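Heads up, the thing below is written out as structure tokens.
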Ligand code: KG4
Ligand code: ZN
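Structure below.
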């Protein structure tokens with residue numbers, strides 16, 4: 009079989025713009041509980057189909073890996089087909105395939121990764137195995153074009169790497185809380201991560217203590233909107249610590265003790281809103297404080313944020329205010345790209361193509377514990 013890399017990297021010296029023009033990529037993401045496929049062309053998101061498994065896992069109060077894998081297997085083909093249809097693209101028009109290779113749930117990763125590798129083999133196209141968190145780093149650089157005729161939020165999603173600036177990036181989701189220094193495209197250094205629970209996990213576990221349905225983050229956000237964030241005092245973990253690591257397990261425990269000392273408090277509608285607002289304030293203040301401190305220390309002109317918790321309204325507001333005060337540009341991922349999606353996987357693969365990064369092997373193994381430190385040079 010001819011080397012499937014040849015069509016794309018035969019001339020590494022050619023101007024990078026020529027290499028990428030009209031290249032079409034299909035990307036697949038199955039690292040956790042979203043089955044997603046996207047088609048990308050020239051930084052434009054032609055389609056981004058996301059089938060969320062939230063409802064399936066809700067009755068267990070968290071993601072059940074075996075169920076997630078079975079659901080990915082069931083949904084992978086229909087989701088890929090919809091993404092191609094929506095993008096009006098046939099498989100033979102694809103120039104490259106990409107999939108999340110790690111980190112994530114092993115059996116879940118395997119399904120999307122093997123599907124993309126099999127397509128790459130059949131179509132004789134290169135395959136890019138993408139680091140999930142590295143892809144999150146670039147999702148805030150995608151903006152939604154204003155569509156004059158369409159409904160709000162209906163315009164096309166288009167990457168805007170022309171305005172790329174060195175930044176400190178906050179990745180904050182149900183599984184991860186990371187601070188990363190992105191010095192240049194495809195050049196980053198992890199600064200810190202959570203020592204125990206992720207911020208989204210803290211939202212979800214506290215919500216469970218209060219009796220809210222899974223996933224609790226969006227519900228806490230909603231209730232906090234009607235609450236007083238100063239009603240109750242909770243710790244801001246590691247906020248004064250000079251390092252860039254986070255820790256949210258202690259905050260969750262302090263809410264548990266608080267509820268033991270105040271039985272029935274969460275049954276009072278107003279007090280429940282106050283409690284949500286107070287816990288949310290502790291999480292958000294910690295995230296914003298540590299992110300801004302890292303950005304100022306590293307003298308970067310820009311802060312970015314992505315991951316499911318970036319949908320949180322208080323976090324978006326407080327990051328906006330804090331960055332404005334410090335004269336730092338803020339780029340928040342579009343809400344549709346905050347949670348896991350294949351568009352960000354395809355956009356990073358396209359950047360790798362543009363920068364002539366070598367593709368991955370067609371039989372590259374998944375890497376469930378892949379460290380961000382080894383994702384790009
Ligand atoms: O990125 P994501 O889909 O991936 C993971 O599953 O890790 O993030 C999901 C997380 C959940 O913990 C969810 O509660 C949280 O993001 N989340 C929120 C909000 N929307 C989603 N947390 C706080 N406020 C929100 N509005
Ligand atoms: Zn993610």
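Numbering (the numbering used here), first residue to last: 9 to 385. Every residue, glycine too, gets a C-beta built ideally from N, C-alpha and C. Since we're looking at a predicted model, the values are computed, not measured.
- To the nearest angstrom, report how far apart residue 25 and residue 33 are at their CA atoms. With a pLDDT of only 46 at residue 25, under the threshold of 50, the placement of this residue in the model should not be trusted; the figure read from the coordinates follows. Near 16 angstroms, if we compare the C-alpha coordinates of residue 33 and residue 25.
- Output the residues surrounding the ligand ZN, defined as those with a CB atom closer than 5 angstroms to any ligand heavy atom, in chain order. Counting every residue whose Cβ lies closer than 5 angstroms to a heavy atom of the ligand ZN, we get 181, 348.
- Message: Could you give the first and the last residue of the continuous beta strand (DSSP E) run that contains residue 56?
- Response: According to the DSSP assignment, residue 56 belongs to the beta strand (DSSP E) that extends over 52-60.
- Item | For residue 394: DSSP bridge partner residues | Residue 394 lies beyond the residue range present for the chain, which begins at 9 and ends at 385; the question has no answer from this structure.
- Sub-8 angstroms separation of residue 328 and residue 310 beta-carbons: For residue 328 and residue 310, no; Cβs fall outside 8 angstroms.
- Which listed residue (297, 215, 29, 173) has its alpha carbon closest to that of residue 192: Among 297, 215, 29, 173, the Cα nearest to that of residue 192 is on 173.
- Message: Is residue 142 near the ligand KG4 - that is, is its Cβ less than 7 angstroms away from at least one heavy atom of it?
- Response: Outside the cutoff, so no.
- What are the start and end residues of the alpha helix (DSSP H) that includes residue 175? Run containing residue 175: none in the alpha helix (DSSP H); it sits in the beta strand (DSSP E), 175-180.
- Item | Whole-angstrom distance between residue 38 and residue 293, CA atom to CA atom | Going by the C-alpha atoms only, they are around 31 angstroms apart.
- DSSP three-state call for residue 29: helix, strand or coil? Residue state, collapsed to three classes: coil.
- Item | Delimiting residues of the alpha helix (DSSP H) encompassing residue 71 | In the DSSP assignment, residue 71 falls outside any alpha helix (DSSP H) and carries neither an H nor an E.
- Out of 374, 369, 379, state which residue places its alpha-carbon closest to the alpha-carbon of residue 132. Ranking the options by Cα distance to residue 132, first place goes to 369.
- Query: So, helix, strand or coil for residue 172, using DSSP?
  - Reply: In the displayed model, residue 172 falls within coil according to three-state DSSP, outside both helix and strand.
- Item | Contact check, residue 302 vs residue 203, beta carbons under 8 angstroms | Cβ distance not < 8 angstroms, so residue 302 and residue 203 don't count as in contact.
- Please name the residue, chosen from 41, 73, 68, that lies closest to residue 59 on a Cα-to-Cα basis. When each option's Cα is compared against that of residue 59, the closest is 41.
- Query: Between residue 233 and the ligand KG4, is the CB less than 7 angstroms from at least one heavy atom?
  - Reply: For the ligand KG4, not one heavy atom lies less than 7 angstroms from the Cβ of residue 233.
- Item | 8 angstroms contact criterion, which residue 259 and residue 245 should meet: CB distance rounded | About 5 angstroms; that satisfies the 8 angstroms criterion.
- Item | Buried versus exposed, by CB contacts within 10 Å (16 or more), residue 56 | By the C-beta density criterion, residue 56 is buried, having at least 16 other C-beta atoms within 10 angstroms.
- Item | 6 angstroms Cβ shell around residue 154 - same chain, five flanking residues per side excluded | Annotation for residue 154: 163 place their beta carbon closer than 6 angstroms to its own, counting only its chain and skipping 5 residues before and after.
- Task: Within its chain, find whatever has a CB closer than 7 angstroms to the CB of residue 221; leave out the 5 residues flanking it on each side and keep chain order.
- Result: Within the same chain, residue 221 has close Cβ partners 66, 227.
- Simplified DSSP state of residue 230, which is helix, strand or coil: DSSP places residue 230 in the helix class (H, G or I) of the three-state scheme.
- Message: Considering only the alpha carbon of each residue, which of 83, 255, 384, 268 lies closest to residue 184?
- Response: The shortest Cα separation from residue 184 among 83, 255, 384, 268 belongs to 255.
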